[in-house]
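Down below is the structure, laid out as structure tokens.
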Amino acid sequence: MQNEIVLKRIIKKNNTVRYIYVANGEWKEIFKKELSIEYDQNIEIVPDSVLVVPFLCNILPISWIYDATIKVKECDADFFKSIDEFKNGYINMYKRIKFLGKLDSEKLVNNKKNSQKGAITFFSGGVDAFNTLLNHIDEKPSLVTVLGADVELNNEEAWKNILNHIKLVAEEYRLNYNTIKSNFRDFIDYNIINEYISKFTNEDWWHGFQHGIGVISLAAPIAFLEKKNIIYFASTFRYVDKNVTCASHYTIDNYLKFCGVDVIHDGAEFDRQEKVHNIVEFCKKNKKKVHLRVCWKEKNGNNCCQCEKCWRTIFELIAEKANPIDYGFEISKNQLKNSKRVYYEEVPKFRRDNYYKPTQSLMKENISIKDLPKELRWFYKIDIDKLGYHPYYKYYQRIKRKIGRILKGG
Ligand SMILES: [Zn+2]
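Numbering of the sequence shown is given in my numbering, commencing with residue 163 and proceeding in unit increments.
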């Protein structure tokens with residue numbers, strides 16, 4: 163049987179929307195359960211033609227690679243028109259994959275209104291998100307944070323901390339904020355899709371295909387309710403980065419449109435060090451402190467100061483002559499000592515070249531080695547090209563740990 167999904171019903175009750183669908187054909191084993199999204203406001207007046215957008219954005223890319231037909235009763239006209247445009251981004255990114263499939267909508271609805279004004283920005287609290295927020299702070303964008311994307315739905319402790327963080331930022335800059343919870347990562351079976359696409363690409367589904375439009379579209383009902391006309395989504399990669407495979411990309415996000423809203427993939431003119439520079443400059447100029455939240459290792463939502471992402475950001479801040487403590491990195495003496503181990507054990511080659519190398523040379527321009535705590539001076543001195551990557555270091559560390567265990571009698 164031909165692969166297809168029929169969206170039977172959209173159930174909206176108070177803050178929650180649920181999508182009742184039937185999948186047929188060989189691909190149906192991918193769909194584990196119904197998709198649901200919970201907002202922090204009542205969404206019952208949002209028309210189905212808008213509510214269908216997040217459903218479609220999380221299923222369309224699957225339908226393309228499985229050559230499936232999606233059938234819905236109605237769809238927003240702007241969105242429907244934009245599909246071929248953002249699909250092109252995927253087509254150009256993954257040359258070995260055929261993007262087929264079809265969307266049948268019985269009715270197209272125009273939801274655009276002349277009164278739409280103002281911006282929404284997705285906000286996770288990291289370097290990319292803060293760079294976008296601070297660069298557009300004069301527009302007073304509403305913040306939107308999603309639970310179920312980078313933080314798992316059942317991780318209540320992390321969510322509490324993230325919520326506190328977003329509240330503080332919203333208060334500080336007098337912004338509105340919205341939160342969205344969704345099982346959009348759980349309703350499909352990644353094992354099956356990842357296995358299927360592994361013939362064509364090394365990417366996994368979430369990173370390579372879903373997390374751009376899949377996340378952004380969750381905000382469509384909010385944009386509709388609050389009559390906004392712009393959504394910012396912070397970039398990770400730059401325009402000049404070649405051969406990038408990533409679902410969140412300027413060739414995709416910028417072409418997504420729905421109910422009179424333009425999506426802007428923001429900040430791709432800056433590399434990460436430049437974004438840190440923008441943030442530090444903003445803080446200096448406006449006498450503000452920014453608590454960055456970059457770490458995904460620490461389950462409680464703080465920065466652990468012992469992972470690669472934390473240390474990369476700490477070095478970037480130091481290179482900008484900033485004090486990491488002012489930006490949410492409370493580094494202990496022990497963690498300082500561990501920085502070298504983290505570098506040698508966790509930094510892959512492309513990050514060494516793309517991130518650490520420019521950071522080190524900026525650091526050398528901006529500060530002298532004596533400005534650094536003793537435990538960090540190794541980073542100033544190493545020749546990143548020659549000594550920065552040390553395959554033997556890992557081996558040496560493993561042996562050292564083993565001897566340690568033997569000595570402890572473990
Ligand atoms: Zn960390």
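Glycine is no exception: its CB is placed at the ideal position from the N, C-alpha and C atoms.
- DSSP places Y181 in the strand class (E or B) of the three-state scheme.
- Residue W368 holds the alpha-carbon nearest to the alpha-carbon of F349 among W368, E247 and S304.
- Taking a cut-off of 8 Å for Cβ pairs, the stretch 315–322 and the stretch 427–438 do not touch, as fewer than three such pairs fall below it.
- For D290, the enclosing alpha helix (DSSP H) starts and ends at V289 to N297.
- Beta-bridge analysis with DSSP links V308 to I342.
- Among the bridge pairs identified by DSSP, K264 is matched with T231.
- Around the Cβ of Y401, a 10 Å sphere holds fewer than 16 other Cβ atoms; the residue is exposed.
- A distance criterion of 7 Å places the beta-carbon of K471 in contact range of ligand 1, judged by its closest non-hydrogen atom.
- For ligand 1, a non-hydrogen atom lies closer than 7 Å to the CB of N465.
- Remark: fewer than three beta-carbon pairs, one from each stretch, lie closer than 8 Å, so the stretch 164–172 and the stretch 296–304 are not flagged as touching.
- Per DSSP, the unbroken alpha helix (DSSP H) holding E527 starts and ends at K519 to N528.
- If one requires a minimum length of 3 residues, the beta strand (DSSP E) runs lying completely within the stretch 409–474 are 423–428, in chain order.
- The stretch 353–385 contains, as complete alpha helix (DSSP H) runs of 4+ residues, the segments 375–378 (chain order).
- In the DSSP assignment, Y489 is bridged to no other residue.
- Taking the Cα of Y339 as reference, the smallest distance to any Cα among N345, K329 and F346 is reached at K329.
- In this structure, T307 lies near I324, with their beta-carbon atoms less than 8 Å apart.
- Per DSSP, E507 is one residue of the alpha helix (DSSP H) stretching across K495 to E508.
- Less than 8 Å separates the beta-carbon of E482 from that of H439.
- The beta carbon of K526 is closer than 8 Å to those of Y542 in its chain, skipping five residues each way along the sequence.
- Sorting F248, Q435 and I173 by C-alpha distance to the C-alpha of I476 places Q435 at the top.
- For I199, the enclosing beta strand (DSSP E) has its first and last residue at L197 to Y201.
- Between I375 and C472, the C-beta gap is not smaller than 8 Å, which leaves the two residues out of contact.
- Nearest Cα to D403 within the set M255, S244, N176 and I221: M255.
- Nearest C-alpha to L538 among I480, R560, L569 and R563: I480.
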